[in-house]
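Accompanying notes for the structure given below.
Number of protein chains: 2
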Amino acid sequence: MSAKSQAKWTEDALRALRVDRGFRLADIDPESTPGYSGDKADGTLDLAAGLDQLAEYQERLYAASRGGVAKDSVLLVLQAMDSAGKGGIIRHVVGGVDPQGIQLAAFKAPTEEELAHDFLWRVQKRVPGPGLIGVFDRSHYEDVLIGRVRRLADPQEIERRYGAIVDFERRMAESGTRIIKVMLHISPEEQGARLMERLERPDKHWKYNPGDVDERAKWPAYMEAYQVALSRTSTDDAPWYVVPANRKWYARLAVQALLLETLESIDPQWPVADFDVEAEKARLRATL
Amino acid sequence: MSAKSQAKWTEDALRALRVDRGFRLADIDPESTPGYSGDKADGTLDLAAGLDQLAEYQERLYAASRGGVAKDSVLLVLQAMDSAGKGGIIRHVVGGVDPQGIQLAAFKAPTEEELAHDFLWRVQKRVPGPGLIGVFDRSHYEDVLIGRVRRLADPQEIERRYGAIVDFERRMAESGTRIIKVMLHISPEEQGARLMERLERPDKHWKYNPGDVDERAKWPAYMEAYQVALSRTSTDDAPWYVVPANRKWYARLAVQALLLETLESIDPQWPVADFDVEAEKARLRATL
Chain F
32 MSAKSQAKWT
42 EDALRALRVD
52 RGFRLADIDP
62 ESTPGYSGDK
72 ADGTLDLAAG
82 LDQLAEYQER
92 LYAASRGGVA
102 KDSVLLVLQA
112 MDSAGKGGII
122 RHVVGGVDPQ
132 GIQLAAFKAP
142 TEEELAHDFL
152 WRVQKRVPGP
162 GLIGVFDRSH
172 YEDVLIGRVR
182 RLADPQEIER
192 RYGAIVDFER
202 RMAESGTRII
212 KVMLHISPEE
222 QGARLMERLE
232 RPDKHWKYNP
242 GDVDERAKWP
252 AYMEAYQVAL
262 SRTSTDDAPW
272 YVVPANRKWY
282 ARLAVQALLL
292 ETLESIDPQW
302 PVADFDVEAE
312 KARLRATL
Chain W
32 MSAKSQAKWT
42 EDALRALRVD
52 RGFRLADIDP
62 ESTPGYSGDK
72 ADGTLDLAAG
82 LDQLAEYQER
92 LYAASRGGVA
102 KDSVLLVLQA
112 MDSAGKGGII
122 RHVVGGVDPQ
132 GIQLAAFKAP
142 TEEELAHDFL
152 WRVQKRVPGP
162 GLIGVFDRSH
172 YEDVLIGRVR
182 RLADPQEIER
192 RYGAIVDFER
202 RMAESGTRII
212 KVMLHISPEE
222 QGARLMERLE
232 RPDKHWKYNP
242 GDVDERAKWP
252 AYMEAYQVAL
262 SRTSTDDAPW
272 YVVPANRKWY
282 ARLAVQALLL
292 ETLESIDPQW
302 PVADFDVEAE
312 KARLRATL
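Have a look at this one:
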């Protein structure tokens, strides 16, 4: 059953959210709920229903790879401004799936060793193997986002990276990885409110960093960097999806739908036994 | 709130299940439910209630480590005969926690490169960092279990390993890791029934391996290897717990209780802000 077949979806999330020719980030309303006609109460119910579907698809994806034939994997790339809700997606969408089938990689500021290598070096090592759902919490896109805004590399190198990324992702797709790249899109007003909440609650102080306000001051430059990066790297092999994220319930539901629709298109099958089932039953029965 | 404070626990799981002087594996009934007076229906309710507690403890453990002061981490080591339920523990107990706080390591048959190193080489690399809950799905104990039963190393080397393990785990404990070593204990009859179920259901065939029946034939040798390994390596730094596992609901509840009681004894605290909260509020307000 696809996300689309759920009552309140009016369109595939893969279609409603996709970054395509003529894309303008500025046209997307962070309050909107593209493709979904329900409200928060509907969304909460649909998210819960989707958890079981996702768990079953994940198990089939994993099982299919154990047969040694299927090479399919999924990679979810999460990019966003601070407080846009990446953590909530990982907790509430990814967290509903068997941890044994998930490969989570969080990319923080690069180490000295990582900086000494090409920007893709640390990322290539974390590509999910067959049967796994990989999740990148930030990614190689930092190197054309903060990299561009903060001028951490010269403009020529930033230019080179867009092409390197497209090549890298095409190779990944060719070897069986379905890539779903998500930008969680919040408004600066919503971010302001969320950061203020972190400051107001002592149990949230650990999530706050004074540097967050400095980055926030560069909001327009970040939006421009996202506009360029998404336009230049949204390909058929590895499309970008912009998920309006002012409403947390919608963002979670939408990312779940992107995963469900992708897994549905893979349609992983239980592998056929590579042993003689009846002979094994007899062998086992002899030990009972 | 500790697991003990839940209505149906009559004793701490950490006490009821611990391997201590005079331990005899043969005396433990895989059908029993030590320390717990409830039935399956109670256990299911208590497991659900414990999920929220565990999720909160995990978040506090993680947050405390971000402050840079607390070095605490937890390592859950899972060992068991095939089909005893390790996967179910990971799905239903560990899976209830934010995946960002979990570091899962599955140790399969060692690679050529791993075999060329000391048996602890591959394990040391997967020790959880501060704030994390590590889970070992199988572990360095394979090297004194199947290692002993299948004579994969000579007896002198196996002897050496018990001491090396105790030293390794003591160093881990000294650097802040609480180690919980669990043997899930099923009866050979229960294993027979579970393997037969795998053979009877095509969607479970991928979990079955003809080698499982061969290992099963060596049950007494495995039990002896467990008896020796648990007796020799259950220390105050890193105690063993034998969890009767014929009843899946009990095994899951008991492992959750071991985790909850351990986290309760750490009692991780939200870190105090290392910035001036009022000054940051003013800075943020200026951007709203």
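Protein sequences appear in the order of chains F and W.
Here this note's numbering runs 31 ahead of the position in the first sequence, where the first position is 1.
Here this note's numbering runs 31 ahead of the position in the second sequence, where the first position is 1.
By construction, the Cβ of each residue, glycine as well, lies at the ideal position given by its N, Cα and C atoms.
Computed from a predicted model, the values in this text were never measured in an experiment.
By the criterion of Cβ-Cβ separation under 9 Å, what are the contact partners of F:R179 in chain W?
-> In the first sequence, residue 179 of chain F corresponds to position 148, counting from 1. Going along chain W, no residue has its Cβ under 9 Å from F:R179, so there is no contact; the nearest lies around 21 Å.
Contact residues within the region 130-158 of chain F, judged by C-beta distance below 8 Å to chain W = P130, Q131, I133, L135, A137
For F:T264, does the count of other Cβ atoms within 10 angstroms reach 16, so buried, or fall short, so exposed?
-> Working through the first sequence from its first residue, we reach residue 264 of chain F at position 233. Buried, since its Cβ has 16 or more Cβ neighbours within 10 Å.
Consult DSSP for F:Q300 and reduce its assignment to one of helix, strand or coil.
-> Looking up residue 300 of chain F in the first sequence gives position 269. F:Q300: coil per DSSP, three-state reduction.
Going by alpha carbons, who is nearest to F:Q131 out of W:R225, W:L82, W:F167, W:K71?
-> Taking the first residue of the first sequence as position 1, residue 131 of chain F is located at position 100. Residue W:F167 is the option with its Cα nearest to F:Q131.
Closest Cα partner of F:R97 within the set W:D307, W:A252, W:Y239 = As a working mapping, residue 97 of chain F is identified with position 66 in the first sequence. Comparing Cα positions, the closest option is W:Y239.
Beta-carbon separation of W:K39 and W:G81 under 8 Å?
-> Counted from its first residue, the second sequence places residue 39 of chain W at position 8. Counted from its first residue, the second sequence places residue 81 of chain W at position 50. Their beta carbons are not under 8 Å apart, which means W:K39 does not touch W:G81 by this criterion.
Could you give the residue range of the beta strand (DSSP E) that holds W:W40?
-> To locate residue 40 of chain W, count along the second sequence from 1; it is residue 9. Unbroken run through W:W40: none, as it is neither H nor E.
Would you mind reading off the limits of the alpha helix (DSSP H) that contains F:R49?
-> Locating residue 49 of chain F in the first sequence gives position 18, counting from the first residue. First-last for F:R49: undefined, no H or E at that position.
Between W:Y88, W:A101, W:Y193, W:L85, which lies nearest to W:L151 when the distance is taken from Cα to Cα?
-> Translated into the one-based positions of the second sequence, residue 151 of chain W becomes position 120. When only C-alpha atoms are compared, the closest one is W:Y193.
Between the C-alpha atoms of F:A57 and F:P275, what's the straight-line distance to the nearest angstrom?
-> Taking the first sequence and counting its residues from 1, one reaches residue 57 of chain F at position 26. Taking the first sequence and counting its residues from 1, one reaches residue 275 of chain F at position 244. If you take the alpha carbons of F:A57 and F:P275, they lie about 12 Å apart.
Give me the Cβ distance between W:S170 and W:Q110, rounded to the nearest whole Å; I'm assuming they're in contact under 8 Å.
-> In the second sequence, counting from the first residue as 1, residue 170 of chain W sits at position 139. In the second sequence, counting from the first residue as 1, residue 110 of chain W sits at position 79. Rounded, the Cβ-Cβ distance is 6 Å, consistent with contact.
W:K117 - DSSP class collapsed to helix/strand/coil | The residue you call residue 117 of chain W lines up with position 86 of the second sequence. Helix, per DSSP.
For the alpha helix (DSSP H) that contains F:R209, what are its first and last residues?
-> Position 178 of the first sequence, counted from the first residue, corresponds to residue 209 of chain F. Run containing F:R209: none in the alpha helix (DSSP H); it sits in the beta strand (DSSP E), 208-216.
In three-state DSSP terms, what is W:V244?
-> Against the second sequence, residue 244 of chain W aligns to sequence position 213. Helix.
Length of the line joining the Cα atoms of F:A140 and F:V154 = As a first step, residue 140 of chain F must be located in the first sequence, where it is residue number 109. As a first step, residue 154 of chain F must be located in the first sequence, where it is residue number 123. Taking the straight line joining both Cα atoms gives about 13 Å.
Please say whether W:I210 and W:Q89 have beta carbons closer to each other than 8 Å?
-> Walking along the second sequence from the start, residue 89 of chain W turns up at place 58. Walking along the second sequence from the start, residue 210 of chain W turns up at place 179. No, they are not a contact pair.
In the region 213-232 of chain W, which residues sit with their C-beta less than 7 Å from some C-beta in chain F, listed in chain order?
-> G223, L226, M227, L230
Which of helix, strand or coil does DSSP assign to W:M32?
-> For the purposes of this step, residue 32 of chain W is taken as residue 1 along the second sequence, with counting starting at 1. Low per-residue confidence applies at W:M32: pLDDT is 43, beneath 50, and the placement is therefore not dependable, though the value from the model is reported in the following sentence. Note: W:M32 maps to coil in three-state DSSP.
Have a look at W:A147 and W:D174 and give me their C-alpha separation to the nearest angstrom.
-> Here residue 147 of chain W refers to the residue found at position 116 when the second sequence is read from its first residue. Here residue 174 of chain W refers to the residue found at position 143 when the second sequence is read from its first residue. Distance between the alpha carbons of W:A147 and W:D174 is about 14 Å.
Spatial distance of W:D234 from W:D198 (CA atoms) | Taking the first residue of the second sequence as 1, we reach residue 234 of chain W at position 203. Taking the first residue of the second sequence as 1, we reach residue 198 of chain W at position 167. If you draw a straight line from the Cα of W:D234 to the Cα of W:D198, it comes to about 43 Å.
8 Å Cβ cutoff, W:F306 in contact with chain F | Position 275 of the second sequence, counted from the start, is the residue given in the question as residue 306 of chain W. Yes, its Cβ sits closer than 8 Å to a Cβ of chain F.
Name the one or two DSSP bridge partners that F:G165 has.
-> On the first sequence, residue 165 of chain F is found 134 positions in, with the first residue counted as 1. Answer by DSSP bridge pairing, in chain order: F:L106, F:Q134.
Using a Cβ cut-off of 8 Å, pull out every chain F residue sitting near W:E311, in sequence order please.
-> Here residue 311 of chain W refers to the residue found at position 280 of the second sequence. Chain F residues near W:E311: L230, Y239, P241, V244.
From the DSSP output, in three-state form, read off F:P275 for me.
-> Along the first sequence, one-based indexing puts residue 275 of chain F at 244. The three-state secondary structure of F:P275, taken from DSSP, is strand.
Should W:S114 go down as buried or exposed, given a rule of 16 or more other Cβ atoms within 10 Å for buried?
-> Taking the second sequence and counting its residues from 1, one reaches residue 114 of chain W at position 83. So W:S114 ends up on the buried side.
Chain W within 8 Å of F:L163, Cβ atoms only | Within the first sequence, residue 163 of chain F is the residue found at index 132, counting from 1. Under the Cβ distance rule, F:L163 does not count among the residues neighbouring chain W, no pair being separated by less than 8 Å.
Roughly how many whole angstroms lie between the Cα atoms of F:M32 and F:Y281?
-> For the purposes of this step, residue 32 of chain F is taken as residue 1 along the first sequence, with counting starting at 1. For the purposes of this step, residue 281 of chain F is taken as residue 250 along the first sequence, with counting starting at 1. Note that F:M32 has pLDDT 44, beneath the 50 cutoff, so the model's placement of it is unreliable and the number below is only indicative. Straight-line Cα distance between these residues: approximately 20 Å.
Classification of W:G119 by the beta-carbon crowding that lies within 10 angstroms, buried from 16 upward | The residue labelled residue 119 of chain W in the question sits at position 88 within the second sequence. Here W:G119 is buried: its Cβ has 16 or more other Cβ atoms, across all protein chains shown, within 10 Å.
Beta-carbon separation of W:A44 and W:A288 under 8 Å?
-> The sequence position of residue 44 of chain W within the second sequence is 13, counting from 1. The sequence position of residue 288 of chain W within the second sequence is 257, counting from 1. In terms of Cβ geometry, W:A44 and W:A288 form a close pair [threshold 8 Å].
Would you be able to state if there are at least three C-beta pairs under 8 Å between the region 291-304 of chain F and the region 100-108 of chain F?
-> yes
So which residues of chain W does F:G126 contact, with C-beta pairs closer than 7 Å?
-> Your numbering for residue 126 of chain F matches position 95 in the first sequence. Residues of chain W whose Cβ lies closer than 7 Å to the Cβ of F:G126 are, in chain order, D129, P130.
In whole angstroms, what separates the C-alpha of W:K35 from that of W:G66?
-> Looking up residue 35 of chain W in the second sequence gives position 4. Looking up residue 66 of chain W in the second sequence gives position 35. Because the pLDDT of W:K35 is 49, which lies under 50, any placement of that residue in the model is unreliable, and the number read from its coordinates should be weighed accordingly. Whole-angstrom Cα-Cα distance: 9 Å.
Determine the direct distance from the alpha carbon of F:R157 to that of F:I217, and round the result to whole angstroms.
-> Position 186 of the first sequence, counted from the start, is the residue given in the question as residue 217 of chain F. Position 126 of the first sequence, counted from the start, is the residue given in the question as residue 157 of chain F. If you take the alpha carbons of F:I217 and F:R157, they lie about 27 Å apart.
Are F:L261 and F:F54 touching if we call contact CB-CB under 8 Å?
-> For the purposes of this step, residue 261 of chain F is taken as residue 230 along the first sequence, with counting starting at 1. For the purposes of this step, residue 54 of chain F is taken as residue 23 along the first sequence, with counting starting at 1. Yes.
Where the alpha helix (DSSP H) containing F:V154 begins and where it ends | The residue given as residue 154 of chain F occupies position 123 in the first sequence. Per DSSP, F:V154 belongs to the alpha helix (DSSP H) from 152-155.
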